[in-house]
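In what follows, a structure is listed as structure tokens, so that the remarks can point back to it.
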Amino acid sequence: MIDALAPLFLLLMVVCAVAALSVKDLLSAVTVFGAFSFFSAAFFVVQDALDVAFTEAAVGAVITTVFFVCAINRTVGRPE
Amino acid sequence: MTQHLPILIVLCPLAAALVVPLVARVSARAARALTMLATLSSLVCAVAALRVALREGDWHYHLGGWAPPWGIEYVVDPLGGGMAVIVALLATLVSLYAGPHVRGLSSLRGAAFDSLFLLLTTGLLGIALTGDLFNLYVFLEVSSLAAYALLASGGERAVVATFRYALIGTIAASFYLLGLGYLYALTGTLNMADLAIQLEAVPPGSAMTVGIVLLVVGLAIKMAVFPLHGWMPDAYTYAPPPVTMFIAAVMSKVSAYALIRVLFFVLPAGDAVETARAVLSWVAVGGVLAGSILALAQTDVRRMLVYSSVGQMGYIVLGLSIGNAAALTGALLHVVGHAAAKGCLFGAIGSLPRQTVQAEIGGLAGAARRAPLAMAAFTIAALSLVGLPPTAGFFSKWYLLRGALDADAWLFAVVLLVSSLLGAVYFFRVLEQVYFVPDPSAPDTDVPSPASPPSWRMVVPVLTLGAAVLLIGLFNGVLVSSVIQHALPEL
Amino acid sequence: MSQLGLGQLQYALAAVLLLIGLYGMLVKTNLARKLMAMNVMQVAVIVFFISLAVRSGGTPPIEIAHGAADAAYANPLPHALMLTAIVVSVSTTGVALALLIRIHRRFRTLDEPELLDRLRE
Amino acid sequence: MRSTFGSPVLDAATRLLVPFMWLFAAYVLIHGHDSPGGGFQAGVILAASLILLRLVRGQGSRPNLSSRDAVTCACAGPLLYGGIGVASLLSGGNFLDYGVLPLPMDPVQVRVIGTLGIEAGVMVGVTGVLVLIFDVLAPWDDGTV
Amino acid sequence: MINRLIVLLFVPALAVLLQAAGDLPAVGDGTSPAFTHVSPYYLERAHDETGAPNFVTAVLADYRGYDTFGELTVILTAGLACLLILGTRDDPPAPQNRDRS
Amino acid sequence: MLALLGADRPLAAVLVSLAAAALIRLVGRWPTVREACTFGAGIVKLGLVLSMLPTVLDGGVVESARLTLIPGVTLHLRADPLGMLFALVASTLWLVTSVYSVGYMRAGRYPNQTGYFASFALCVSATIGLAFAANLLTFFLFYELLTLATYPLVAHNRTPEARAGSRKYLVYTLTAGQALLLAIVWAHSLVPGGEFRPGGMLPAGVPSGTVWGLFGLFVLGLGVKAAIMPLHGWLPAAMVAPTPVSALLHAVAVVKAGAFGILRVVGYVFGVDVLRDVGADTLLAGLATTTIIFASLRAFRETHLKRRMAYSTIAQLSYIVLGAAVGSVAALAGAMFHIAAHGFIKITLFMCAGAIYTESHRDDIRQLAGIGRQMPITMGAFALASAGLAGMPLLPGFISKWNIGLGAMSTGSWVFVVVLVGSGLLNVSYLFPIVYDAFFRAPHGTVSPERPSLTVPLAATALVALLLGIAPNIGVGFYRLAWSAATSVVGGADAGGLP
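Those protein sequences? They're chains A, B, C, D, E and F, same order as listed. FYI, the numbering for the first sequence is 1 to 80, going by the working numbering. FYI, the numbering for the second sequence is 81 to 571, going by the working numbering. FYI, the numbering for the third sequence is 572 to 692, going by the working numbering. FYI, the numbering for the fourth sequence is 693 to 837, going by the working numbering. FYI, the numbering for the fifth sequence is 838 to 938, going by the working numbering. FYI, the numbering for the sixth sequence is 939 to 1437, going by the working numbering.
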């Protein structure tokens, strides 16, 4: 399925990746990173990779994000 | 069961790794015993499988009963089987050596330590035996993750170094995976043997070159070759002694093995591989010289040993970048010899009681009196790294020199000799302290004072490795003609 | 680059993602940020593999009807591989985060230059 | 956690949500062989539900999985997987060749059962590990960071 | 400073990667080796041999089941690694390694 | 065990002292047992070497079994005339030095004697292995073992100076070892197996550039131990060691190993003709003559007795190198015989120095006035040995010099004859003043009486030296061995020499 959707999602991923690396606040960065994972899952759906998309959505968007939030909570913490 | 030996080599430590955390709740002693038993039985299986492979040719084992390239296969050939034997042997010795360390941990962490040690062994064995490039990636990750945890268990400085290692290691793994993706796109297969056949038919192009370069670079980074060794000194210095002993001895060797496997058994001979080897040769020269010179600058013995490892890995890379029969023989012999010697050196240093002996070179004054056996083994291993006969290191240097001269690579020959001279300087600096500088705390007598001798659990593995270094040297002819020669690729 | 047409656009974007990840890992000084960059890099590799598997006008690799092997299924092999790769990436992230917490507990910082300063003390 | 979110609404929502997540996990596991999903995804969902419980209702909430039990699960999953592999090895096939398991069915059916078995192993293992990692990473009750 | 140099290296790296991408079969090209060499076997035989209509599951759990076993080992390793590095509530790391705030 | 000893005598001769080294370590607690081990091993070794002598004198060789070290290259020992000569010198002198060492070490109350005797045995083992080595790799193996075994001996006193000296020794010898290793590996790529062959092992048609390079590396590798200038720096520095060690370094093992190696390389690797064809013999001869003259001159400046003798050793060793460079039968025979001649003379001198130091704690030449009257046996032996070193007729030094000179004349190189005579004169002028002062000046200070454990060995070696000078073939037939080795190397006998 080569239509405009795949490059679009990829571009969104690039944008999210850049944003995740440049947003000042770490927790916001994690949120943006979650969006990045979500878009990548969407990309995988467009690419007919349903299993991968499912896993990426569950792992990238949920588990990894939770782990990051835990770790950041425990280190630099939420900005007051 | 004998027809399942190839998988049993890996399954023994893996099964034990799964059971150890459960057993440890009931009895820590039983968990320890299980760890040792598992590594030992893995060693037995590996030796048996290697013997079969040498007698009857390469042994292909189809996992799940699916024939390659559709399924995954294990291949026991002289190269992979030999590597498995080395890993299993070191694992067996280290599992004994780790006893005193594990006993100092809480039960859950002790179990985690043992279990991770077994998983590390599993990963390394899996890399050695697999015939599938993606499966290699999976086991590479198993071993890496276990190594991160084990190295980091040595305290905070080790943690920082390990974090860097984890980043670099992930970059390496990603490169490897990406390179694998390029090759998969060009051939549609992941099986090593099949890939070698398919790649012959692929016209060379930039995709193939990039794939090969990524694959080779990824493995080279895992090997901690010269400019990418930055994480090693801190990690190895502060990690617990058994961890350093095992990882320093075998981990980079297994990556070197994977590099040899990929360069000589999978990738087609051609410009891309030639280029990769040319680059590797300069990396190696840099590593050999920089490693030796930096080792000279160290005052902590373990750090010195780390830098010497950087140099010694350069020897191996040099051997495979020269790439003729003699040089490859030298590289493989050096893989064996250096694994034994480095394990012995780190083991010996780690066996000295920390409160009495600092790892600073000056702190080793008179160590020969306090730990005569461990220091004797240390001496033999040190001589091997310097490359003095009749130890293993001399003979691998011999083959490497021979290979360099056969290839008219005089510069490499000179580099090898210069680096072993530098090695002599930094090792004899230590040996002088050990033997000729009197222990400031002990009266000067001819009779050794057994003040606090290292535990026998630590001394026995160290001595075994020291003896192995000597025996590998003396009987390298047997080793080369019965195993290593068959492990060489067809050139 | 003459051959680089629209057909290879996805590969190119995957390469861009990879380099963004690498850039973040090498240049960003905050350790947590490095880890995010590491994840980006790993996703880039996954994107690359998945792009290998897609087929024009194809369907997901789940059998529509028994025996319809000639339908334009996507290649299931890279999908299976990438499931494993995702697991590897989450495992690595978990371990790296544990290391990160340990570092912060001792050195009270996640900033690399500061960390190096404190190491030297 | 330092504190639970403690809100009654959240608490009720969780009570409602968790059983559905479990049901979904079971569905994903069982239908893994004919639709997207499988043991890993099921394990992730299960783990997510347990983590949710932890987040909302605190460490000691029931039903839940203690860290020690998580370790047990983490080991039991691969043990189940490997056990099926070894069982097929003992039944005369190669490792993980579950078609040869001595079950009174035709080989393809046996394979389906075997696949289900290992997927269950994956689920148990993944659940255990993810909960374990969460426990390790999450801030501790006593306020230590 | 060194970082700037690294970034400079990225330009040629990107060029090389793009060049290589141009050399690859186009995305979606069903005649490339990836579609003709190994995977057709799965598409033709998976359902009959493994009983799984989901080819991915067939590959994951059966043909390459050992990879999945490895994957499970990876994640177990990660769990134990976290445990050893940080300890849990019931089992904190040894006191000398842990300085409380 | 005995059957093994009988069956494989060259190997057994090496192993005896190796086993002794291990045994000495084990029984180090009981000095008497320890020293009994040394003597026992020394006697057995000498017996083994002697038992091979008849075969070798009859023109045969005794070979050991081959042990494959590297596919195609074996650990191979062979007793041929040249090796036999060196092995005889080493095993005889080991026995003598052992007796002397026991006296010396006990009298001086030196610490760590167990390590001393063990290393000593190891050293001798390496020397015998070196002597009997039948190929380049075997030679190298024992060459490096010798380096390692002497290192703790040099550092024996454990003082900072001793450690510095040993460090210097190690740096010099190991560097040389690397050059030698490169040479040997290179030679192996030209000649698989690298077996020594009288007259040269290199195949015909090796380009002259290769010969030059290879020979240069060999000279560099062996020249350090042979103390060819400017590679001699370690030797005076190593004088910090106890006197028996110096004796070992100078007379028996280390420097002789270098000189012996040069003879082996010239005669059995290249062949004199090959070297002459490319002109490499001139290089060697040039180095040797320079060393002879400069070392003799340098000896004058030293007032420390042992250091003066160190420079004398440097000069004397180059006689051997010069003989090898000249390359005629007589010259080679002279050079080979000089191994024995210088061995007995120099060990006498060092044992005298050691005896003087033990009894009087003097080691400066200027303090030795009149000591001849207090220590007549010691200084008598010293005088005799000095004369021998200077090349006086009826002493062994004369025979070697005469032959080298004859050889030089036969090749028309008069300049070497001049050098030989001149250096003899220099020898006289730096050694005889010591003897003169010792006997003809008034003594000052007291000296303890000479102990038999020191005087008996040195008198014995002096006597042997005297006998060798009068009848060079007496006993074991050193002279005959040298001639038969030289003839085998050069092929057709040309010039005469002493009967």
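Don't be surprised by glycine CBs; every beta carbon is placed ideally from N, CA and C.
Length of the line joining the Cα atoms of residue i and residue j
| i | j | result |
| --- | --- | --- |
| residue 541 of chain B | residue 471 of chain B | 18 Å |
| residue 255 of chain B | residue 360 of chain B | 16 Å |
| residue 525 of chain B | residue 449 of chain B | Because residue 525 of chain B sits at a pLDDT of 49, beneath the cut-off of 50, its placement in the model cannot be relied upon, and the following sentence gives the value as read from the coordinates. Taking the straight line from one Cα to the other gives about 10 Å. |
| residue 396 of chain B | residue 414 of chain B | 7 Å |
| residue 1426 of chain F | residue 1197 of chain F | 19 Å |
| residue 528 of chain B | residue 1010 of chain F | Confidence is the limiting factor: at residue 528 of chain B the pLDDT is only 47, short of 50, which leaves the residue's position unreliable and the question unanswerable from this model. |
| residue 886 of chain E | residue 803 of chain D | 8 Å |
| residue 538 of chain B | residue 432 of chain B | 9 Å |
| residue 566 of chain B | residue 409 of chain B | 10 Å |
| residue 787 of chain D | residue 780 of chain D | 6 Å |
| residue 606 of chain B | residue 331 of chain B | Chain B is shown only over 81 to 571; residue 606 of chain B falls outside these bounds and no answer can be derived. |
| residue 445 of chain B | residue 1089 of chain F | 18 Å |
| residue 671 of chain C | residue 917 of chain E | 16 Å |
| residue 26 of chain A | residue 126 of chain B | 49 Å |
| residue 164 of chain B | residue 204 of chain B | 8 Å |
| residue 1404 of chain F | residue 1331 of chain F | 10 Å |
Chain-order list of residues whose beta-carbon lies under 6 Å from that of residue i (same chain, five-residue window excluded)
| i | result |
| --- | --- |
| residue 1004 of chain F | 1012, 1014 |
| residue 1115 of chain F | 1082 |
| residue 656 of chain C | 617 |
| residue 160 of chain B | 208, 209 |
Neighbour flag for residue i against chain A, beta carbons, 9 Å
| i | result |
| --- | --- |
| residue 893 of chain E | yes |
| residue 801 of chain D | no |
| residue 917 of chain E | no |
Proximal residues to residue i (C-beta, below 7 Å), its chain only, five neighbours per side dropped
| i | result |
| --- | --- |
| residue 1281 of chain F | 1027, 1031, 1189, 1190, 1194 |
| residue 739 of chain D | 818, 819, 822, 823 |
| residue 741 of chain D | 710, 713, 714 |
| residue 481 of chain B | 493, 496 |
| residue 789 of chain D | 780 |
Interface flag, residue i vs chain C, CB-CB below 9 Å
| i | result |
| --- | --- |
| residue 258 of chain B | yes |
| residue 202 of chain B | no |
| residue 151 of chain B | no |
Identified DSSP bridge partners for residue i
| i | result |
| --- | --- |
| residue 1073 of chain F | F:1133 |
| residue 865 of chain E | C:626 |
| residue 1016 of chain F | F:1001 |
| residue 140 of chain B | B:155 |
Contact check, residue i vs residue j, beta carbons under 9 Å
| i | j | result |
| --- | --- | --- |
| residue 196 of chain B | residue 248 of chain B | no |
| residue 225 of chain B | residue 101 of chain B | no |
| residue 1227 of chain F | residue 1260 of chain F | yes |
| residue 1318 of chain F | residue 1042 of chain F | no |
| residue 506 of chain B | residue 384 of chain B | yes |
| residue 306 of chain B | residue 390 of chain B | yes |
| residue 848 of chain E | residue 651 of chain C | no |
| residue 828 of chain D | residue 922 of chain E | yes |
CB contact below 9 Å: residue i versus chain E
| i | result |
| --- | --- |
| residue 25 of chain A | no |
Short CB-CB distance (under 9 Å) between residue i and chain B
| i | result |
| --- | --- |
| residue 770 of chain C | With chain C covering only 572 through 692, there is no way to say anything about residue 770 of chain C. |
Chain D contact for residue i (CB, 9 Å cutoff)
| i | result |
| --- | --- |
| residue 880 of chain E | no |
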